[in-house]
Every structure is written in structure tokens, then in C-alpha cells.
């Protein structure tokens, strides 16, 4: 399989647009999937630069309902119309999402389309599900390490504002020859929890790689160290991180796994 970031915070190559957001184009022998759509329509320009035909996509998956992962959704479906691949998201992904600030709070949820919406209604999932041959959704990872909740993030459910525990978060698991490749958006429910969920879903199979954001950007050092220890216990062969992982998180991972860790960037193709 091949994973190519269409959008990432880090964009070192010329000809690409970067932004705070994530979008991955994932190709297996049987399927083509877009995982998240970044913050704006910029993923379309980057796909053209990479000569990737988005109209051949089989499915679109949203990791969670934050603007930097869903913002390009309507532009994507408008660009590839009349093709309309199935859209998957976690149950409740479109509930209002807020981030607390010094002056109050700001909306960080799924943006409303600028014009007539082109994206289809999402298939909202709450359980383990195969969406293509050997491609699986991993929703709602069980929180066992206590390292996930961030009081800055809030959601509104049934009219009541509360701590966002990211019940809508979805990761992907690919059952490859060498093991399970796990792809995350922000890993708000904890990257170690998500990897453990993958191991439970595929008993006896190793986690060969983990790709995506680990949300360590504002984590205290103690949390980063515990996460690195948890990843070490699972021992994935490849670790490709970026977006919300943050430089301190990446530095800690690289210090422990210098031969296994790399930073995601726009246009960087990785084979598994």
C-alpha cells in the first residue's frame, strides 16, 4: 500500500500548498481512500501537482469533526462530481465542536458549505467495520491510559456543552502482509489506546506501522514520555507522524526510535 499526504502542516517541497490540517491519499491493491480533507480546498491543488485522479477514489473517511480535517470536504465532492464515493465518519461527528480560549470559545467543528452542499450524507459508524477488502474502520478506541482528555476541547450533545471525549473519532486499519498499518487523524482518544484497539481487533497480528497525528503538540513532558513508552511496548516497525504531533512529540519519538520515525509532509509517498 502507498500513503501520500495531500495536506499536512509541513510542506517542504515546491509546488505544494500547506496548511494546518491533514489529508491522506491511500492506495491498496483493491481500494483508493481519502482520509480527511484538510482545512480548505488546497488538497485539490496538491492532488493535481501529484497527478492523482481524485475521481477514482472509492471512499472518503473523516477521522473526527474538526475543521482542519473536514474543511475541504465539500470542495472535494464538488471537484469530482458526478462521482460521489461513500463517506464514512464516526457517530456524532457533526455535533458542535468548540475550543476554549482566553476570551471564551471558538467554533472548530465541521464548516458549513459555502454554497449548495455536494458531499453526501455520511455513513456514521460506531463499531468495527470493513469498508473495502482488508480495510477497516476502528471507531471509538477504548481509553485505558488516561492520556486523552483535553479540557480545552468541548462538544455540544442534546443541547448540553460538555468535555469532548471524541466519541466520534475513527482510525483506519489495513491488514497487510507484514502486519496491521494503523492510520490516525489526531489520536484524540490516545495513540496508544488506538494501537491497542487495533491489536484487539486483529489478535496475534503485529502492528507494522502507524501513520498520522498523535496530538502531543501541547502535551506535558510526562505525557509525551508515557506515550513514547506505550508505543515502544507495541513496537511498530514504522512511525510516520505529523500534523498535531508537534516538534517536542516528534523529537521524543525520534530519540527513542531513530531508525523508525519520519515526519509526514505534503507529497511524500510512503510504501508499506
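In my numbering, the protein residues as written are 631 to 902.
Built from N, CA and C at the ideal position, the CB exists for glycine as well.
Because the structure is a prediction, the values reported are computed rather than measured.
Hey, residue i and residue j: beta-carbon distance below 8 Å or not?
i: residue 726; j: residue 688; result: no
i: residue 901; j: residue 632; result: yes
i: residue 919; j: residue 649; result: Shown here, the chain extends from 631 to 902; a query on residue 919 therefore has no answer.
i: residue 921; j: residue 800; result: Absent from the model: residue 921. The displayed extent of the chain is 631 to 902, so no value can be given.
i: residue 830; j: residue 813; result: no
i: residue 792; j: residue 782; result: no
i: residue 653; j: residue 670; result: no
Out of the options, state which residue places its alpha-carbon closest to the alpha-carbon of residue i.
i: residue 798; options: 730, 816, 729 and 645; result: 816
i: residue 651; options: 804, 877, 826 and 843; result: 843
i: residue 743; options: 889, 700 and 896; result: 700
i: residue 686; options: 666, 766, 669 and 661; result: 661
i: residue 818; options: 847, 851 and 690; result: 847
i: residue 758; options: 670, 654, 832 and 866; result: 832
i: residue 871; options: 682, 674 and 890; result: 890
i: residue 770; options: 683, 853 and 796; result: 796
i: residue 863; options: 852, 898 and 826; result: 826
Tell me residue i's beta-bridge partners as DSSP assigns them.
i: residue 731; result: 734
i: residue 814; result: 842
i: residue 788; result: Answer is none; residue 788 lacks a bridge partner.
i: residue 637; result: 653
i: residue 718; result: 691 and 753
i: residue 837; result: 810
i: residue 804; result: 765 and 811
Thinking residue i and residue j are a contact (beta carbons under 8 Å), I'd like their distance in whole angstroms, please.
i: residue 752; j: residue 680; result: That belief does not hold up - the Cβ atoms of residue 752 and residue 680 are roughly 26 Å apart, past 8 Å.
i: residue 869; j: residue 840; result: 6 Å
i: residue 764; j: residue 634; result: Not really, about 19 Å apart at Cβ, beyond 8 Å.
i: residue 638; j: residue 895; result: 6 Å
i: residue 695; j: residue 740; result: 5 Å
**Prompt:** Are the segment 687 to 706 and the segment 745 to 758 in contact at 8 Å, needing three or more beta carbon pairs?
**Reply:** yes
> At a cut of 8 Å, does the segment 876 to 893 reach the segment 848 to 857 through at least three beta carbon pairs?
Replying inline: Verdict: yes, contact present.
- Task: Spell out a yes or no on whether the segment 798 to 810 and the segment 832 to 844 are touching, meaning 3 or more CB-CB pairs, one atom from each, closer than 8 Å.
- Result: yes
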